[in-house]
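Everything below concerns the one structure shown next.
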Amino acid sequence: MPSPTHDVGALAPAGLVSKVLFVSGDPRPGRNAFGAEAACIRLAVAASHMQLTEMASVGLAEICPALDAYGPTVLHIAAHSSFGGIHLTQENGDLCIPYEALCAQISRVRRPPRLAVLNFCGSTALAAETAAAVTTVISWPHAMDDGQARTFTRRLYRSLAARRSVADSFKDAKAELIGPHPDLLLPVLHGDATADVF
């Protein structure tokens with residue numbers, strides 16, 4: 237379950253807090269630095285209306301209960317992806333979970349998040365199905381590296397913390413990527429782009 241000791245951004249007035257749940261998979265298969273990605277969000281939302289809870293090296297069975305217990309507005313998933321699956325943790329080891337199993341966990345929560353950020357390679361394959369349960373989904377249609385994920389994440393959450401719309405925050409984050417990575421295939425927004433998430 238999410239730990240209150242890892243909650244950040246709790247300085248916002250009561251009743252106005254938008255919760256973000258950051259879950260990361262097993263970092264070993266892709267030698268990923270998911271902690272640095274979480275730190276980008278932590279810094280971006282500090283002292284804002286957003287509150288961050290982090291869960292590292294999660295297993296598939298932890299996702300639905302955490303979403304039900306925490307009730308986040310935003311679900312951010314950082315993981316390594318390969319062969320149509322996402323690398324999560326099971327019994328302290330790596331386990332590649334089919335995208336469909338992850339989507340089933342998200343779809344069966346009592347109150348789905350309004351925004352899902354699928355920050356892993358090829359997550360567009362999962363986005364359409366996720367968008368059936370979640371109002372707005374952000375995905376990557378291709379491979380990307382940790383630096384690109386952090387650049388996008390940092391700008392996305394800075395804009396969201398400044399109370400910009402999801403659509404505008406997404407555009408801000410894409411613009412941040414274009415500078416250092418002009419040939420990069422950019423992330424994609426699915427679902428209701430006009431929805432007011434916060």
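In this text, residue positions in the sequence shown follow my numbering: the first is 237, and each later residue adds one. For every residue, glycine included, the Cβ atom is placed at its ideal position computed from N, Cα and C.
Considering only the alpha carbon of each residue, which of 373, 405, 370, 399 lies closest to residue 387?
405
Coarse secondary structure for residue 311, derived from DSSP in three states
strand
Check whether the Cβ atoms of residue 373 and residue 316 lie closer than 7 angstroms to each other.
no
Just to confirm the assignment: which complete alpha helix (DSSP H) runs, minimum length 4, are found wholly within the segment 253-308?
270-281, 296-306
Does the distance from the CB of residue 290 to the CB of residue 275 come in under 7 angstroms?
no
Integer Cβ distance of residue 385 from residue 314, believed to fall under 8 angstroms:
7 angstroms
Does the segment 339-354 touch the segment 291-310, meaning 3 or more C-beta pairs lie closer than 8 angstroms?
yes
Quick one, which of 421, 294, 401 has its alpha-carbon nearest residue 262's?
294
Return the CA-CA distance between residue 431 and residue 365, expressed in angstroms with no decimal places.
18 angstroms
The alpha helix (DSSP H) that contains residue 430, what's its start and end?
It is not in any alpha helix (DSSP H) - residue 430 carries neither H nor E in the DSSP assignment.
For residue 390, I'd like the list of residues in its chain whose CB is within less than 7 angstroms of its CB, leaving aside the five on either flank, ordered along the chain.
276, 280
Could you check which residue in 298, 394, 340, 266 has the C-alpha nearest to that of residue 408?
394
From 324, 371, 266, 253, pick the residue whose C-alpha is nearest to that of residue 298; which is it?
324
With DSSP run on the structure shown, which of helix, strand or coil describes residue 332?
strand
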